[in-house]
Amino acid sequence: MLYRNGLVMYDHQTESLWSHILGQAIAGELRGVQLTFLPSLHTDWQTWQDLHPDTLVISPGLYGRDPYASYYVSGQEGVVGRGPFGGGPSRDDDIHPKAYVIGVRLGGEARAYPFSILVKEPVINDAVGGVPVALFFDTQTLTGAVFDRRLGDGTTLTFEPSIANRRVKDTTTGSRWDIFTGTALDGPLAGTQLAQVPATYAFWFGWIDYHTNSTVYGVQR
Amino acid sequence: MKILLTTILAGLVLTAVACTPNRLQKAIQTPQPDAPSVAAPTPSGRNLQPQLGNANIDLDEVATLLPPDAIPAIMPEDVPAMLVTAAEADAAGMEPSTRVLGVSINGESRAYPIPFMSGHEIVNDAVGGRLIAATW
């Protein structure tokens, strides 16, 4: 089952129906219940195992070529396509429907960060829903991570605009941080861990169809 | 509500699953030699349509193209036997460029390869003491 081209899941316990993009039950006994999003990383296998050498992974013997490989590079928007039946609300096409974005929802606000902007601005100090956040983007692996810029003591950090060897410096203390784990590796804050913010890796159409009031970083809409 | 404790969703929500309905049908009904994970559909016979009776969304925006469970979600009890270490995955030929969804919770890490997720869409798992669903 699809809702606006996105997966609808059901739980075995109540058979309520859930939008996976919203993480919310749209029908059934649990209608309206919101699940908790957890931080994750969409990256390549090499990068992931470098970050987490002790990771376990689904065996490569259990899958083959991605059946959607051609879809990713096609112009097609979802299974149903756009329109009143399944395709989500109409919208202006100021961003290509199949452009990749990182979507962040915080404090009732939704904001999308297009890859096209992230490749030019791989460090972004921003605030979403009142929460100071930093986006770090690795242009080699097209991997983005979002962190809360606040420390436990109330300090809010900002980060320098450039990344070197997947490290970024904060402007306050000059400590160097791993852009994917949010851990300070050296400097006065060495060992400090930023809180990672859950984010959604999506095609633009897949994000805006469910977050119709979303703003877009760097784009006036 | 307590039921939900068993179904906490991970923040792995990605894009709308897509390809043409025909292609999707073909993909799951005709396993390719190079895609052994794309199983033949085994609809469970569940009928989820009545649940839509109290939906809080416009039903015009809901489409049912396949019966429930035609794309088989992975259940928690099935995951352990599917997992290998990084070294084992590399030895088995996993490409460094394969995209993965990675989660790391309380020191325990998991990678869900995207080509695998395309064939199953949901993995129910337990990582670092949390019960999660990785969805794609």
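Protein sequence lines, in the order shown, are assigned to chains B and X. In this text, residue positions in the first sequence follow this note's numbering: the first is -4, and each later residue adds one. In this text, residue positions in the second sequence follow this note's numbering: the first is 49, and each later residue adds one. Just so it is clear, CB atoms sit at the ideal spot from N, CA and C, and this is done for glycine as well.
Annotation note: the stretch 126 to 212 of chain B contains the following uninterrupted alpha helix (DSSP H) runs of length 4 or greater, listed N- to C-terminal: 199 to 203. A residue is called buried once 16 or more other Cβ atoms fall within 10 Å of its Cβ, and T31(B), having fewer, is exposed. Under the DSSP assignment, E136(X) falls in the alpha helix (DSSP H) whose first and last residues are A134 to A139. Rounded to the nearest angstrom, the Cβ distance from M142(X) to N172(X) is 22 Å, too far for a contact under 8 Å.
Per DSSP, the unbroken alpha helix (DSSP H) holding H168(X) starts and ends at I162 to H168. The contact set of A103(X) on chain B, defined by CB atoms closer than 7 Å, consists of I21 and A22 in chain order. Nearest neighbour of P98(X) by Cα position, chosen from G125(B), A22(B) and G169(B), turns out to be A22(B).
Here R(-1)(B) is buried, its C-beta having at least 16 other C-beta atoms within 10 Å. Contact of V114(B) with chain X by beta-carbon distance below 8 Å is absent, the smallest such distance being about 17 Å. Here the stretch 114 to 132 of chain X lies against the stretch 46 to 61 of chain B, with 3 or more beta-carbon pairs under 8 Å apart.
A Cβ-Cβ distance of about 6 Å is found for the pair T138(B) and L36(B), placing them in contact under the 8 Å criterion. If you ignore the 5 residues before and after A103(X), its C-beta comes within less than 8 Å of the C-beta of V110, all in its own chain and listed in chain order. Against Y(-2)(B), the close residues of chain X are I105, E109 and V110, in the order they occur along the chain (beta-carbon pairs closer than 7 Å). D108(X) carries a helical assignment under DSSP once its states are collapsed to helix, strand and coil.
Within the same chain, V148 and G150 come within 6 Å of A159(X) by CB-CB distance, once the 5 residues on both sides are set aside. If you draw a straight line from the Cα of D89(B) to the Cα of G101(X), it comes to about 36 Å.
Taking a contact as a CB-CB distance under 8 Å, the pair P144(X) and D39(B) counts as one, their CB atoms being some 6 Å apart.
Scanning its chain for C-beta atoms nearer than 6 Å, with the 5 sequence neighbours on each side dropped, one finds around S170(B) the residues A179, G182, P183 and L184, in chain order. Rounded to the nearest angstrom, the Cβ distance from A140(B) to Q191(B) is 6 Å, consistent with a contact under 8 Å.
Cβ neighbours of A194(B) within its own chain (closer than 6 Å, five residues either side excluded): I97, V99 and V141.
For E156(X), the three-state secondary structure derived from DSSP is strand. At a cut-off of 8 Å, the C-beta of D49(B) has a neighbouring C-beta in chain X. For G93(X), there are no C-beta contacts with chain B under 9 Å, since the nearest C-beta of that chain is about 13 Å from it. Think of a sphere of 8 Å around the beta carbon of G150(X): the chain B residues whose beta carbon falls inside it are S35, L36, H37, T38, W43, L46, H47 and T50, in chain order. Taking 9 Å as the cut-off between beta carbons, the residues of the stretch 0 to 18 of chain B near chain X are N0, G1, L2, V3, M4, Y5, D6, H7, Q8, T9, E10, S11, L12, W13, S14, H15, I16, L17 and G18, in sequence order. In this chain, Q19(B) is not harboured by any alpha helix (DSSP H); it is covered by the beta strand (DSSP E) spanning Q19 to A22. Of all alpha-carbon atoms in L(-3)(B), G1(B) and S157(B), the one lying nearest the alpha-carbon of F198(B) is that of G1(B).
For Y63(B), the nearest CB of chain X lies under 8 Å from its own CB, placing it at the interface with that chain. Between D143(B) and I174(B) a beta carbon distance of about 14 Å is seen, past the 8 Å cut, so the two are scored as non-contacting.
The DSSP-derived three-state label of I112(B) is helix. Closest in C-alpha terms to I170(X), from the list H15(B), S111(B) and T9(B), comes H15(B).
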